[in-house]
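Engineer: Shown below is the structure under consideration.
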Amino acid sequence: MSKNILKFNKIKKSFDHKNGKVNIFRDLSLEIKKGDLVALVGPSGSGKSTLLNMISLLDKVDSGEIFFRNTNLNKLNEDEKNHMRKNNISIIFQNNNLLHDFTALENVVMPLIIRNEDKKQSYKKAKFILNKFNLSSRHNHFPDELSGGEQQRVAIARALISECDLILADEPTGNLDYKTSFEIFSYFLKLKKLSKTIIFATHNRELANKADYKLSILNGHIKRSNA
Ligand SMILES: Nc1ncnc2c1ncn2[C@@H]1O[C@H](COP(=O)(O)OP(=O)(O)OP(=O)(O)O)[C@@H](O)[C@H]1O
Ligand SMILES: [Mg+2]
């Protein structure tokens, strides 16, 4: 069996806009192995979020294929896509996407509740992970009662609780101070030890340099370099 968890084959991606077509990727091929910790870098507007959105099935490719293990993501129907998002891919969005009518604890427990896991165990797990991110006194705060960095940590906790094999993080440390950013990163290292694959988009050079390798996007091309 292949050790790749992700494979991109000749991906083309553009956006149609009223001011004209925006070409993002013309011919993108790429392989990512299970357990890789990958930093996705490149200037603002280069296509980092677009790349993550294509993997998480939020954006469609124009042509080419993306394989998750042996599954061609472009061939999935809506039910299969939902199943994939629920069970296989965790996403930490650039704007944290917390549910505003739910507390921090309820937001974090949500992925497990959706999967019908045992309620008591799920809450126990959610509390544990929130405490790990220094949010033990914020379980019952609603998102608008949290600082930007606290919201971001809740969003990260929510993505990590589901223990998916592939974790996509779009600027996960964007709102965080130096120390907290490195704490989040050390959590990524722990996940890597559990053979999870993590791809994180970042403008933080120091963090990018700590990944296994960098994928740099520039003018629609992607270059792999050792971090
Ligand atoms: N729906 C859309 N319609 C038209 N253009 C779009 C659309 N979504 C994104 N774009 C354009 O695609 C380009 C890539 O956007 P993307 O969000 O992937 O960049 P990014 O590398 O994540 O940037 P940042 O570092 O600022 O987050 C941008 O120039 C953006 O303006
Ligand atoms: Mg982005």
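Letter by letter, the sequence shown follows residues -19 to 207 in the numbering used here. All C-beta atoms in this analysis are idealised placements derived from N, C-alpha and C, irrespective of residue type, glycine included.
Kindly indicate the opening and closing residues of the beta strand (DSSP E) around T153.
Structural biologist: The residue labelled residue 153 in the question sits at position 173 within the sequence shown. Neither: T153 is in no beta strand (DSSP E) and is coded neither H nor E.
Engineer: Mapping the DSSP letters down to three states, classify S275 as helix, strand or coil.
Structural biologist: An answer regarding residue 275 cannot be provided, because it is not within the stretch -19 to 207 covered by the chain.
Engineer: With F5 as the anchor, note down where its beta strand (DSSP E) starts and where it stops.
Structural biologist: Stepping through the sequence shown from its first residue, residue 5 is reached at position 25. That run of the beta strand (DSSP E) goes G0 to K13.
Engineer: Only counting the same chain, and skipping five residues up and downstream in sequence, which positions put a Cβ closer than 6 Å to that of N189?
Structural biologist: Translated into positions along the sequence shown, residue 189 becomes position 209. Contacts found: A207.
Engineer: For D150 and K100, what's the separation of their Cα atoms in angstroms?
Structural biologist: As a first step, residue 150 must be located in the sequence shown, where it is residue number 170. As a first step, residue 100 must be located in the sequence shown, where it is residue number 120. So the two alpha carbons sit approximately 30 Å from each other.
Engineer: Under a three-way DSSP split, which group does M(-19) fall into?
Structural biologist: Here the question's residue -19 lines up with position 1 in the sequence shown. Since pLDDT at M(-19) reaches only 47, below the 50 mark, its modelled position is unreliable, and the value read off the structure follows with that caveat. Correct three-state label for M(-19): coil.
Engineer: Buried or exposed for D16, going by 16 or more other Cβ atoms inside 10 Å?
Structural biologist: If you number the sequence shown from 1, residue 16 lands on position 36. By the beta-carbon neighbour count (other beta carbons within 10 angstroms, threshold 16), D16 is buried.
Engineer: Using the Cβ count rule (16 or more neighbours within 10 Å means buried), how would you classify K(-17)?
Structural biologist: Position 3 of the sequence shown, counting from 1, holds the residue named residue -17. Exposed, because fewer than 16 other Cβ atoms sit within 10 Å of the Cβ of K(-17).
Engineer: Using the C-alpha atoms, what's the distance from F180 back to I147?
Structural biologist: If you number the sequence shown from 1, residue 147 lands on position 167. If you number the sequence shown from 1, residue 180 lands on position 200. Going from the Cα of I147 to the Cα of F180 covers about 8 Å.
Engineer: Say the cut is 7 Å; is the CB of T153 nearer than that to a heavy atom of ligand 1?
Structural biologist: In the sequence shown, counting from the first residue as 1, residue 153 sits at position 173. Answer for T153: no, Cβ out of range of ligand 1.
Engineer: Reducing DSSP to helix, strand and coil, say where L110 ends up.
Structural biologist: Taking the sequence shown and counting its residues from 1, one reaches residue 110 at position 130. Here L110 sits in helix by DSSP.
Engineer: In three-state DSSP terms, what is F165?
Structural biologist: For the purposes of this step, residue 165 is taken as residue 185 along the sequence shown, with counting starting at 1. Reduced to three states, the DSSP call for F165 is helix.
Engineer: Could you give the DSSP three-state label for T83: helix, strand or coil?
Structural biologist: Stepping through the sequence shown from its first residue, residue 83 is reached at position 103. The three-state reading of DSSP puts T83 in coil, since its state is none of H, G, I, E or B.
Engineer: For N33, does the three-state DSSP call read helix, strand or coil?
Structural biologist: As a position in the sequence shown, residue 33 is number 53, starting the count at 1. Of the three classes helix, strand and coil, the one that applies to N33 here is helix, per DSSP.
Engineer: Determine the direct distance from the alpha carbon of M64 to that of D98, and round the result to whole angstroms.
Structural biologist: In the sequence shown, residue 98 corresponds to position 118, counting from 1. In the sequence shown, residue 64 corresponds to position 84, counting from 1. The straight-line gap from Cα to Cα measures roughly 20 Å.
Engineer: When burial is assigned at 16 or more other CB atoms within 10 Å of the CB, is S36 buried or exposed?
Structural biologist: Taking the sequence shown and counting its residues from 1, one reaches residue 36 at position 56. S36 should be labelled buried.
Engineer: Judging by CA-CA distance, which residue of T177, S116, I202 and E130 is the nearest neighbour of L69?
Structural biologist: Position 89 of the sequence shown, counted from the first residue, corresponds to residue 69. The sequence as given places Ile at residue 69; Leu does not occur at that position. For I69, the nearest C-alpha among the options comes from T177.
Engineer: Keeping to the same chain, check which residues put their C-beta closer than 8 Å to that of K1; ignore five residues upstream and five downstream.
Structural biologist: Working through the sequence shown from its first residue, we reach residue 1 at position 21. S(-6) and F(-5).
Engineer: To the nearest angstrom, report how far apart E143 and N67 are at their CA atoms.
Structural biologist: What you label residue 143 is simply residue 163 of the sequence shown in a count that begins at 1. What you label residue 67 is simply residue 87 of the sequence shown in a count that begins at 1. When the Cα atoms are used, E143 and N67 turn out to be separated by approximately 8 Å.
Engineer: Hey, out of L31, H(-3), V21 and I136, whose CA is closest to K(-13)'s CA?
Structural biologist: The residue you call residue -13 lines up with position 7 of the sequence shown. Closest by alpha carbon: L31.
Engineer: From which residue to which residue does the alpha helix (DSSP H) around H63 run?
Structural biologist: On the sequence shown, position 83 is the one that residue 63 refers to. E58 to N67 is the extent of the alpha helix (DSSP H) around H63.
Engineer: What does a CB cutoff of less than 7 Å around I164 pick up in its chain, not counting 5 residues either side in sequence?
Structural biologist: Stepping through the sequence shown from its first residue, residue 164 is reached at position 184. Answer for I164: I136, P152, T153 and L156, listed in chain order.
Engineer: For N77, which of K61, S43, G128 and E58 has the nearest alpha-carbon?
Structural biologist: In the sequence shown, the residue the question calls residue 77 occupies position 97. Here the closest residue by C-alpha is G128.
Engineer: Skipping 5 residues on each side, what residues in its chain have a beta carbon closer than 7 Å to that of G22?
Structural biologist: For the purposes of this step, residue 22 is identified with residue 42 of the sequence shown, where counting begins at 1. Once the five neighbours on either side are set aside, the close Cβ partners of G22 are K28, S196, I197 and L198.
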